[in-house]
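**Student:**
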Amino acid sequence: SQQGEEDPQALSIQEGENATMNCSYKTSINNLQWYRQNSGRGLVHLILIRSNEREKHSGRLRVTLDTSKKSSSLLITASRAADTASYFCARYNQGGKLIFGQGTELSVKP
Amino acid sequence: DAGVIQSPRHEVTEMGQEVTLRCKPISGHNSLFWYRQTMMRGLELLIYFNNNVPIDDSGMPEDRFSAKMPNASFSTLKIQPSEPRDSAVYFCASSPTRRAYNEQFFGPGTRLTVL
């Protein structure tokens with residue numbers, strides 16, 4: 091069972107457009123992480139945002155965190171066809187387990 | 045570093061057979077995790093080890109599943125006997141340490157098909 095909710099479940103955009111994915115969670119967090127999974131591959135860590143941070147950037151990625159709303163968003167700017175993948179948010183629960191959301195499937199059309 | 049290594053990458057077996065999945069974590073990482081991914085249930089944590097010791101196996105679905113970590117560089121996940129509902133992609137991941145709530149580094153996965 092998973093304790094994160096992501097939306098949308100699927101997103102299709104044109105190359106060059108921005109993609110925004112959202113993640114909500116239910117309990118307090120130490121940090122929140124975003125991962126990418128290309129089809130048939132393992133997950134790759136993208137970015138980690140700590141609970142005392144509100145925004146973080148990494149290249150074309152921008153992550154925001156609103157602990158009062160228990161939500162986070164991942165923005166990919168100027169998307170490319172190579173960004174096509176599934177994106178997951180994840181957080182550690184009190185038992186020390188990393189819990190993943192169900193993911194957003196992003197398709198970037200050239 | 046070669047990253048997390050898993051073998052085999054694909055396994056097709058018949059119901060009732062024993063299946064052993066293998067994982068070599070990144071050198072120096074002292075936490076190791078086994079996950080299962082299916083369309084229906086998403087990504088589920090099965091078990092994790094810290095310094096070769098199993099910390100939480102509450103995600104292991106049944107007694108048919110067992111995992112070992114005999115040393116810091118090797119772990120196995122065994123299913124005996126296997127059933128069709130065990131068909132999934134099994135991932136191994138490692139992390140430098142559990143307490144710091146670090147990122148995890150995933151292997152390429154083993155796609156298991158039980159006929």
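Residue numbers (this note's numbering), protein chains in the order written: chain L, 91 to 200; chain R, 45 to 159. The C-beta atom is built at its ideal place from N, Cα and C for all residues, glycine as well. What you are looking at is a predicted structure, and each value in this text was computed from that prediction instead of being measured.
Out of L:Leu155, L:Ala168, L:Ser176, which one is the CA nearest neighbour of L:Ser114?
**Tutor:** L:Leu155
**Student:** I want to know whether the segment 120-127 of chain L touches the segment 137-155 of chain L - three or more CB-CB distances under 8 Å.
**Tutor:** Proximity of the segment 120-127 of chain L to the segment 137-155 of chain L meets the contact definition, three or more beta-carbon pairs being nearer than 8 Å.
**Student:** Just to make sure I have the definition right: I need the residues of chain L whose C-beta is within less than 8 Å of the C-beta of R:Asp100. Which are they?
**Tutor:** Gly185, Gly186, Lys187
**Student:** Would you call the segment 150-157 of chain R and the segment 123-133 of chain R in contact, with 3 or more CB pairs under 8 Å?
**Tutor:** With the cut-off at 8 Å, the segment 150-157 of chain R and the segment 123-133 of chain R touch.
**Student:** In the DSSP assignment, what are the bridge partners of L:Arg152?
**Tutor:** L:His147, L:Leu165
**Student:** Using a C-beta to C-beta distance shorter than 9 Å, which residues of chain L count as neighbours of R:Pro152?
**Tutor:** Gly130, Arg131, Gly132
**Student:** Is it buried or exposed, R:Met113, if we count other Cβ atoms within 10 angstroms and call 16 or more buried?
**Tutor:** buried
**Student:** Distance cutoff 9 Å, beta carbons only. Does L:Glu106 sit that close to anything in chain R?
**Tutor:** The amino acid at residue 106 of chain L is misidentified as Glu; the sequence shows Gly. It does not; no Cβ of chain R falls within 9 Å.
**Student:** I need the straight-line Cα distance from L:Gly106 to R:Phe149, nearest angstrom please.
**Tutor:** Going from the Cα of L:Gly106 to the Cα of R:Phe149 covers about 29 Å.
**Student:** Based on DSSP bridge pairs, tell me the residues matched to R:Ser71.
**Tutor:** According to DSSP, R:Ser71 bridges with nothing at all.
**Student:** When you compare the CB of L:Leu138 with every CB in chain R, is at least one pair closer than 9 Å?
**Tutor:** yes
**Student:** Does the separation of the CB atoms of L:Ser162 and L:Asn108 fall below 9 Å?
**Tutor:** no
**Student:** Exposed or buried, what is L:Glu145 when buried is set at 16 or more other beta-carbons lying within 10 Å of its beta-carbon?
**Tutor:** Exposed is the call here.
**Student:** Among residues of its own chain, excluding the 5 on either side of R:Leu87, which ones have a beta-carbon nearer than 6 Å to its beta-carbon?
**Tutor:** Tyr79, Gln81
**Student:** Leaving out five residues on either side along the sequence, give the residues of the same chain with a beta carbon under 7 Å from the beta carbon of L:Arg170.
**Tutor:** Glu105, Val198
**Student:** If you draw a straight line from the alpha carbon of L:Gly185 to that of L:Ser148, how long is it in whole angstroms?
**Tutor:** 29 Å
**Student:** Kindly give me the distance between the Cβ atoms of R:Pro125 and R:Leu159, rounded to whole angstroms, as I take these residues to be in contact under 8 Å.
**Tutor:** Taking a contact as a CB-CB distance under 8 Å, the pair R:Pro125 and R:Leu159 does not count as one, their CB atoms being some 13 Å apart.
**Student:** Just how far apart, CA to CA, sit L:Thr117 and R:Tyr92?
**Tutor:** 22 Å
**Student:** Considering just the uninterrupted stretch of the beta strand (DSSP E) at R:Leu7, what are its terminal residues?
**Tutor:** In the structure as shown, chain R begins at 45 and stops at 159. Residue 7 of chain R is therefore absent and cannot be evaluated.
**Student:** To the nearest angstrom, how far is the alpha carbon of R:Ser75 from that of L:Gln192?
**Tutor:** 24 Å
**Student:** CB-CB under 8 Å to L:Gln92, same chain, minus the five flanking residues each way: which ones, in chain order?
**Tutor:** In this prediction, L:Gln92 scores a pLDDT of 46, lower than 50, which makes its location untrustworthy; no coordinate-derived value is stated.
**Student:** Please determine, among L:Asn120, L:Ala168, L:Glu195, L:Lys187, the residue with the shortest C-alpha to C-alpha distance to L:Lys160.
**Tutor:** L:Asn120
**Student:** Taking only three categories from DSSP, how would you classify L:Asp173?
**Tutor:** helix
**Student:** What three-state label does DSSP hand R:Asp101 in the structure shown?
**Tutor:** coil
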